[in-house]
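Okay, structure first, notes after.
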Amino acid sequence: MIELFLVLVLIVVGFTFGVWAEQRHLASLASREAANGLFLVTQLKTFPGHSPGSQPPQIVVAETVVATDYFKTFLANLRGLFGGEVQSYHSLLSRARRETTQRLVEQAQQLGFDAICNLRLETADVGGSSASKKSAAMVAILGCATAYHFDCSNAGSR
Amino acid sequence: MIVTNTETIAGYHIAEIKGLVQGNTVRAKHAGRDIAASFKNLVGGELKGYTELLTESRRQAVERMLAQAEQLGANAVVNVRFTTSAVTAGAAELYAYGTAVTVQLS
Chain A
1 MIELFLVLVL
11 IVVGFTFGVW
21 AEQRHLASLA
31 SREAANGLFL
41 VTQLKTFPGH
51 SPGSQPPQIV
61 VAETVVATDY
71 FKTFLANLRG
81 LFGGEVQSYH
91 SLLSRARRET
101 TQRLVEQAQQ
111 LGFDAICNLR
121 LETADVGGSS
131 ASKKSAAMVA
141 ILGCATAYHF
151 DCSNAGSR
Chain B
1001 MIVTNTETIA
1011 GYHIAEIKGL
1021 VQGNTVRAKH
1031 AGRDIAASFK
1041 NLVGGELKGY
1051 TELLTESRRQ
1061 AVERMLAQAE
1071 QLGANAVVNV
1081 RFTTSAVTAG
1091 AAELYAYGTA
1101 VTVQLS
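Order-wise, the sequence lines are chains A and B. According to this note's numbering, the first sequence is numbered sequentially starting from 1. According to this note's numbering, the second sequence is numbered sequentially starting from 1001.
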C-alpha cells in the first residue's frame, strides 16, 4: 500500500516538475531559435556562400544530456506493454537535438562566425543510459559542425 | 591549427596528407553526480553533470588528437568525427579522430 502511494506521489511530482521543466525549455528554445533565425545552418559538406579571404573555418562541438521524468518513464513503461509510438520520449530527443543545434550556433556566433555547415548530430552514450536497463532513460546528443564566414552576395557559390 | 569536420577547408587547399590522428579518453563523474542525476530523472530537466562530463571528455580527446597532429607536422585536421561508447555506468568514452593535413592558402 505504501509502495503504491509512493509511486503515485512520484508520478505526480514527475508530472508537475516534468511539464514545468519541459515548458521552460521549449520556451527558451523557441526564443533562441527565433533570435538566430537568420543564422545559416546546413549539413552540406561544402561551404555554401563562403566569403573568400576571411578567417579560416573552425569546428564547433556541443553536447546536451536531457533527463526524463518519472511520469514519462511511467508512460513509456506502459507503452512497452501495448506497443506503439512512445511519444513522451520523442519530445525528449527532439528537445536535446534542438538544444545542441542552438548551442552550436551560439558558439559559432561567439567566435565571430556567421554560418555553420556539415552539421552532424549523434546520440552519445553516457554510461547508464543504455549500459544498464535498470536506470532510467536519458538522452545524450553530441553535435558538431564547421563554422565559417558567410557572404550574402556569394550565396550561390559552394 | 585549423580543425574542421568537413573534408575540405574553404579558401585553402590541401597540400599534403599526413595521416590519421586520434585521441580518446574515458572519464567518470563522482558518485554524487550520479546520485544527483538519478534524482533529476524523477523531475526532468537537463543533466548538467553529464553534459559537463561529455564536454570535458571531448576536450581531452581533441587535445590528444591535436598533439598527434602537431607531432606529424600538420597545420590542420580535417573531417574530424566523434564517437562515444558507454564502458560502464557513469563513465563515458569519447573518441575523436580526423585526418592530419598541411594546407595552404589558395
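Here a beta-carbon is modelled for each residue, glycine too, at the ideal position from N, C-alpha and C.
At a Cβ threshold of 8 Å, is A:L93 touching chain B?
For the purposes of this step, residue 93 of chain A is identified with residue 93 of the first sequence, where counting begins at 1. Closer than 8 Å: no.
Per the DSSP calculation, A:T146 is bridged to which residue(s)?
Within the first sequence, numbered from 1, the residue matching residue 146 of chain A stands at position 146. DSSP lists A:I59 and A:C117 as partners of A:T146.
Nearest residue (CA-CA) to B:E1016, options B:L1105, B:S1106 and B:A1100
Stepping through the second sequence from its first residue, residue 1016 of chain B is reached at position 16. When only C-alpha atoms are compared, the closest one is B:A1100.
8 Å contact criterion, which A:A147 and A:L111 should meet: CB distance rounded
Along the first sequence, one-based indexing puts residue 147 of chain A at 147. Along the first sequence, one-based indexing puts residue 111 of chain A at 111. Right, their Cβ atoms sit about 6 Å apart.
What does the alpha-carbon distance come out to for the pair B:A1091 and A:N154?
Working through the second sequence from its first residue, we reach residue 1091 of chain B at position 91. Working through the first sequence from its first residue, we reach residue 154 of chain A at position 154. The straight-line gap from Cα to Cα measures roughly 45 Å.
When you compare each of B:G1023, B:T1025, B:K1048 and B:A1076 to B:G1032 by their alpha carbons, which one comes out closest?
In the second sequence, residue 1032 of chain B corresponds to position 32, counting from 1. It is B:K1048.
What residue range is occupied by the uninterrupted alpha helix (DSSP H) comprising A:T2?
In the first sequence, counting from the first residue as 1, residue 2 of chain A sits at position 2. Correcting the residue identity first, residue 2 of chain A is Ile in this sequence and not Thr. That run of the alpha helix (DSSP H) goes I2 to A35.
Cβ neighbours of A:D69 in the same chain (closer than 6 Å, five flanking residues each side left out):
Counting from one through the first sequence, the residue named residue 69 of chain A turns up at place 69. Excluding positions up to five away in sequence, the list reads G14 and G18.
For a quick check, are the C-beta atoms of B:V1021 and B:M1065 less than 8 Å apart?
As a position in the second sequence, residue 1021 of chain B is number 21, starting the count at 1. As a position in the second sequence, residue 1065 of chain B is number 65, starting the count at 1. In this structure, B:M1065 lies closer than 8 Å to B:V1021 by Cβ.
Are the CB atoms of B:Y1012 and A:P48 within a distance shorter than 8 Å?
Within the first sequence, residue 48 of chain A is the residue found at index 48, counting from 1. Within the second sequence, residue 1012 of chain B is the residue found at index 12, counting from 1. For A:P48 and B:Y1012, no; Cβs fall outside 8 Å.
List the residues of chain B that A:D69 touches, going by C-beta distances under 9 Å, in chain order.
Position 69 of the first sequence, counted from the first residue, corresponds to residue 69 of chain A. Simply K1040, N1041, L1042, V1043, G1044 and G1045.
What's the gap between the Cα of A:A76 and the Cα of B:G1044?
Within the first sequence, the letter at position 76 stands for residue 76 of chain A. Within the second sequence, the letter at position 44 stands for residue 1044 of chain B. Spanning the two alpha carbons is a distance of roughly 14 Å.
Just to make sure I have the definition right: I need the residues of chain B whose C-beta is within less than 8 Å of the C-beta of A:V13. Which are they?
For the purposes of this step, residue 13 of chain A is identified with residue 13 of the first sequence, where counting begins at 1. By Cβ distance, chain B contributes L1042 and V1043.
Strictly below 8 Å CB to CB, what residues from chain A border B:I1150?
Lying outside 1001 to 1106, the shown extent of chain B, residue 1150 of chain B is not represented and no answer is given.
Say whether chain A places a C-beta atom closer than 8 Å to the C-beta of B:V1021.
For this step, residue 1021 of chain B is matched to residue 21 along the second sequence. No, no contact with chain A.
For a contact meaning CB atoms closer than 9 Å, what does A:F47 contact in chain B?
Start at 1 with the first residue of the first sequence, and residue 47 of chain A comes out as number 47. Result: T1006, T1008, I1009, A1010 and G1011.
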